[in-house]
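Read in order, the letters of the sequence shown correspond to residues 787 to 991 in our numbering.
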Amino acid sequence: EVGQLRGSGRGIAPMENAQLITLSRQIALQRQMDVVANNMANINTNGFKSESLLFKDYLMPVAKDNEYTGADRKLHYTEDWSTIHDMTSGPIEQTGNPLDLALDGEGMFSVQTAQGVRYLRNGSMTIDATGTLVDLNGNPVLGEGGPIKFDASDTDITVSANGSVASSNGTKGKLAIVEFADPQVLVREGDNYYSGPAGTPATAT
(Lines of atoms letter the chains of each structure in order from A and count residues from 1; the text may use other names and numbers.)
(Lines give C-alpha, C1' and ligand atoms only; values in the text may rest on other atoms or scores of the structure.)
Protein backbone atom coordinates (compact mmCIF):
# COMPACT_ATOMS: atom_id res chain seq x y z
CA GLU A 1 0.00 0.00 0.00
CA VAL A 2 2.82 2.36 0.81
CA GLY A 3 4.40 1.47 -2.51
CA GLN A 4 1.25 2.63 -4.26
CA LEU A 5 1.51 5.98 -2.53
CA ARG A 6 4.99 6.61 -3.89
CA GLY A 7 3.78 7.30 -7.39
CA SER A 8 0.87 9.48 -6.31
CA GLY A 9 2.64 12.77 -5.78
CA ARG A 10 2.85 14.41 -9.19
CA GLY A 11 -0.18 16.48 -10.05
CA ILE A 12 -1.93 16.00 -6.69
CA ALA A 13 -3.28 19.00 -4.79
CA PRO A 14 -1.52 19.97 -1.51
CA MET A 15 -4.49 18.84 0.62
CA GLU A 16 -4.44 15.41 -1.03
CA ASN A 17 -0.67 15.19 -0.49
CA ALA A 18 -1.21 15.87 3.21
CA GLN A 19 -3.87 13.18 3.40
CA LEU A 20 -1.61 10.63 1.72
CA ILE A 21 1.25 11.45 4.09
CA THR A 22 -1.10 10.98 7.05
CA LEU A 23 -2.39 7.73 5.57
CA SER A 24 1.14 6.37 5.19
CA ARG A 25 1.73 7.01 8.90
CA GLN A 26 -1.58 5.39 9.87
CA ILE A 27 -0.76 2.28 7.84
CA ALA A 28 2.59 2.02 9.63
CA LEU A 29 0.94 2.51 13.04
CA GLN A 30 -1.58 -0.22 12.27
CA ARG A 31 1.25 -2.61 11.46
CA GLN A 32 3.02 -1.57 14.68
CA MET A 33 -0.13 -2.32 16.71
CA ASP A 34 -0.31 -5.79 15.12
CA VAL A 35 3.29 -6.49 16.15
CA VAL A 36 2.77 -5.22 19.71
CA ALA A 37 -0.43 -7.26 20.08
CA ASN A 38 1.38 -10.42 18.93
CA ASN A 39 4.20 -9.77 21.41
CA MET A 40 1.73 -9.35 24.27
CA ALA A 41 -0.29 -12.43 23.29
CA ASN A 42 2.89 -14.53 23.53
CA ILE A 43 4.26 -13.03 26.73
CA ASN A 44 4.01 -16.43 28.47
CA THR A 45 5.10 -18.56 25.49
CA ASN A 46 8.33 -20.44 26.20
CA GLY A 47 11.15 -19.42 23.88
CA PHE A 48 9.10 -16.70 22.14
CA LYS A 49 11.16 -13.86 20.64
CA SER A 50 9.50 -10.48 20.41
CA GLU A 51 9.53 -8.37 17.28
CA SER A 52 9.78 -4.66 16.65
CA LEU A 53 9.38 -2.49 13.57
CA LEU A 54 11.95 -0.32 11.87
CA PHE A 55 10.52 2.83 10.34
CA LYS A 56 12.15 5.04 7.77
CA ASP A 57 11.36 8.32 6.10
CA TYR A 58 10.51 7.85 2.43
CA LEU A 59 11.32 11.04 0.53
CA MET A 60 9.01 11.67 -2.43
CA PRO A 61 11.17 13.70 -4.87
CA VAL A 62 8.59 14.50 -7.56
CA ALA A 63 5.45 15.58 -5.71
CA LYS A 64 4.06 18.99 -6.67
CA ASP A 65 0.82 20.79 -7.27
CA ASN A 66 -0.11 21.55 -10.88
CA GLU A 67 -0.24 25.27 -10.10
CA TYR A 68 3.06 25.33 -8.24
CA THR A 69 5.70 26.99 -10.43
CA GLY A 70 8.76 26.31 -8.31
CA ALA A 71 10.97 23.27 -8.08
CA ASP A 72 9.52 19.96 -6.99
CA ARG A 73 8.54 19.86 -3.35
CA LYS A 74 10.00 16.96 -1.37
CA LEU A 75 7.35 15.20 0.68
CA HIS A 76 8.08 12.78 3.50
CA TYR A 77 6.12 9.56 3.83
CA THR A 78 6.39 6.99 6.65
CA GLU A 79 7.33 3.46 5.66
CA ASP A 80 7.45 0.42 7.97
CA TRP A 81 10.69 -0.73 6.45
CA SER A 82 11.41 -3.96 8.30
CA THR A 83 10.54 -6.21 11.24
CA ILE A 84 13.41 -7.34 13.47
CA HIS A 85 13.63 -10.22 15.95
CA ASP A 86 14.87 -9.58 19.48
CA MET A 87 17.05 -12.64 20.05
CA THR A 88 18.03 -11.69 23.60
CA SER A 89 17.96 -14.68 25.96
CA GLY A 90 15.11 -14.60 28.46
CA PRO A 91 15.18 -15.74 32.10
CA ILE A 92 15.79 -19.43 32.75
CA GLU A 93 13.63 -21.32 35.25
CA GLN A 94 14.30 -24.67 36.85
CA THR A 95 11.28 -26.92 36.17
CA GLY A 96 12.54 -30.28 37.44
CA ASN A 97 11.65 -31.93 34.12
CA PRO A 98 14.77 -33.46 32.51
CA LEU A 99 13.29 -32.81 29.04
CA ASP A 100 12.74 -29.08 29.61
CA LEU A 101 15.78 -27.43 28.05
CA ALA A 102 16.94 -23.83 27.78
CA LEU A 103 19.53 -22.26 25.51
CA ASP A 104 22.02 -19.69 26.78
CA GLY A 105 23.09 -17.78 23.67
CA GLU A 106 21.55 -17.21 20.24
CA GLY A 107 21.52 -20.87 19.17
CA MET A 108 18.33 -22.67 18.18
CA PHE A 109 17.04 -26.22 18.27
CA SER A 110 16.54 -27.96 14.93
CA VAL A 111 13.20 -29.71 14.37
CA GLN A 112 12.01 -31.89 11.50
CA THR A 113 8.55 -30.80 10.32
CA ALA A 114 6.40 -31.77 7.35
CA GLN A 115 7.59 -28.54 5.68
CA GLY A 116 11.28 -29.28 6.30
CA VAL A 117 13.75 -28.38 9.01
CA ARG A 118 12.60 -25.54 11.24
CA TYR A 119 14.27 -23.79 14.15
CA LEU A 120 12.92 -22.83 17.54
CA ARG A 121 13.95 -21.68 20.99
CA ASN A 122 11.23 -23.44 22.96
CA GLY A 123 12.99 -26.27 24.78
CA SER A 124 9.90 -28.00 26.18
CA MET A 125 10.25 -31.55 24.86
CA THR A 126 8.82 -34.99 25.41
CA ILE A 127 9.16 -38.56 24.16
CA ASP A 128 6.44 -39.89 21.86
CA ALA A 129 5.01 -43.40 21.61
CA THR A 130 7.78 -44.48 19.24
CA GLY A 131 10.50 -43.39 21.68
CA THR A 132 11.48 -40.31 19.64
CA LEU A 133 12.40 -37.03 21.29
CA VAL A 134 9.83 -34.52 20.01
CA ASP A 135 8.72 -30.95 20.62
CA LEU A 136 5.28 -30.10 21.97
CA ASN A 137 3.82 -30.30 18.45
CA GLY A 138 5.09 -33.87 18.01
CA ASN A 139 7.86 -32.98 15.57
CA PRO A 140 11.16 -34.85 16.00
CA VAL A 141 13.92 -32.83 17.62
CA LEU A 142 17.04 -33.38 15.55
CA GLY A 143 20.37 -34.58 16.80
CA GLU A 144 23.57 -34.29 14.80
CA GLY A 145 22.85 -37.76 13.36
CA GLY A 146 19.08 -37.38 12.98
CA PRO A 147 16.19 -37.80 15.44
CA ILE A 148 17.12 -38.91 18.95
CA LYS A 149 15.43 -42.16 19.97
CA PHE A 150 14.99 -44.06 23.22
CA ASP A 151 13.72 -47.53 24.06
CA ALA A 152 11.80 -48.89 27.02
CA SER A 153 14.98 -49.72 28.95
CA ASP A 154 16.27 -46.11 28.90
CA THR A 155 16.02 -44.38 32.26
CA ASP A 156 17.73 -41.42 33.97
CA ILE A 157 17.80 -39.26 30.86
CA THR A 158 20.19 -36.33 31.06
CA VAL A 159 21.28 -33.54 28.72
CA SER A 160 24.72 -32.02 29.25
CA ALA A 161 25.70 -28.38 28.74
CA ASN A 162 27.01 -29.13 25.24
CA GLY A 163 23.74 -30.80 24.17
CA SER A 164 24.79 -34.43 24.54
CA VAL A 165 21.84 -36.65 25.44
CA ALA A 166 22.43 -39.74 27.55
CA SER A 167 20.46 -42.32 29.51
CA SER A 168 21.16 -45.30 31.69
CA ASN A 169 22.19 -47.09 28.49
CA GLY A 170 24.80 -44.53 27.48
CA THR A 171 24.95 -41.73 24.92
CA LYS A 172 21.91 -41.37 22.67
CA GLY A 173 23.11 -38.49 20.51
CA LYS A 174 23.87 -34.78 20.56
CA LEU A 175 21.29 -32.09 19.88
CA ALA A 176 21.73 -30.27 16.56
CA ILE A 177 21.88 -26.74 17.95
CA VAL A 178 22.67 -24.17 15.29
CA GLU A 179 23.57 -20.48 15.16
CA PHE A 180 23.15 -17.87 12.45
CA ALA A 181 25.60 -15.11 11.55
CA ASP A 182 22.57 -12.87 10.99
CA PRO A 183 19.47 -14.11 12.87
CA GLN A 184 17.39 -11.45 11.11
CA VAL A 185 17.38 -13.59 7.94
CA LEU A 186 15.07 -16.04 9.72
CA VAL A 187 11.37 -15.89 8.90
CA ARG A 188 8.90 -16.33 11.73
CA GLU A 189 6.26 -19.01 11.16
CA GLY A 190 3.42 -20.26 13.30
CA ASP A 191 3.89 -22.30 16.50
CA ASN A 192 7.08 -20.43 17.40
CA TYR A 193 9.04 -21.87 14.45
CA TYR A 194 11.51 -20.07 12.22
CA SER A 195 12.55 -20.98 8.71
CA GLY A 196 15.66 -19.90 6.88
CA PRO A 197 19.01 -21.02 5.53
CA ALA A 198 20.87 -23.85 7.19
CA GLY A 199 22.60 -22.69 10.33
CA THR A 200 26.11 -23.58 11.47
CA PRO A 201 26.87 -25.81 14.48
CA ALA A 202 26.64 -23.72 17.64
CA THR A 203 29.90 -22.61 19.22
CA ALA A 204 28.67 -19.84 21.53
CA THR A 205 25.52 -21.42 22.97
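No residue lacks a Cβ here, since even glycine has one placed at the ideal position from N, Cα and C.
Roughly how many angstroms separate the alpha carbons of residue i and residue j, rounded to a whole number?
i	j	result
residue 892	residue 832	15 Å
residue 939	residue 917	11 Å
residue 899	residue 805	46 Å
residue 819	residue 882	37 Å
residue 814	residue 971	22 Å
residue 829	residue 877	12 Å
residue 879	residue 812	40 Å
residue 927	residue 822	30 Å
residue 935	residue 985	23 Å
residue 966	residue 816	30 Å
residue 947	residue 808	52 Å
residue 929	residue 872	26 Å
residue 964	residue 826	27 Å
So for residue i, helix, strand or coil by DSSP?
i	result
residue 949	coil
residue 850	Any reading at residue 850 must be qualified, since the residue scores a pLDDT of 49, below 50, and its modelled position is unreliable; the value itself is stated next. Three-state result, residue 850: strand.
residue 894	strand
residue 809	helix
residue 904	strand
residue 976	helix
residue 885	coil
Among the options, which one has its Cα closest to the Cα of residue i?
i	options	result
residue 895	886, 813, 909	909
residue 989	890, 958, 915, 922	890
residue 991	808, 933, 829, 874	874
residue 944	960, 979, 821	960
residue 953	962, 963, 946, 942	942
residue 911	884, 930, 932, 931	884
residue 886	968, 922, 904	922
residue 975	817, 957, 907	907
residue 949	977, 955, 888	888
residue 824	913, 904, 978, 983	978
residue 932	956, 973, 957, 962	962
Between the beta-carbon of residue i and the beta-carbon of residue j, is there less than 8 Å?
i	j	result
residue 1019	residue 925	Outside the shown range of the chain (787 to 991) lies residue 1019, about which nothing can therefore be said.
Identify the residues that DSSP records as bridge partners of residue i: which are they?
i	result
residue 981	973
residue 935	918
residue 987	964
residue 912	920
residue 956	953
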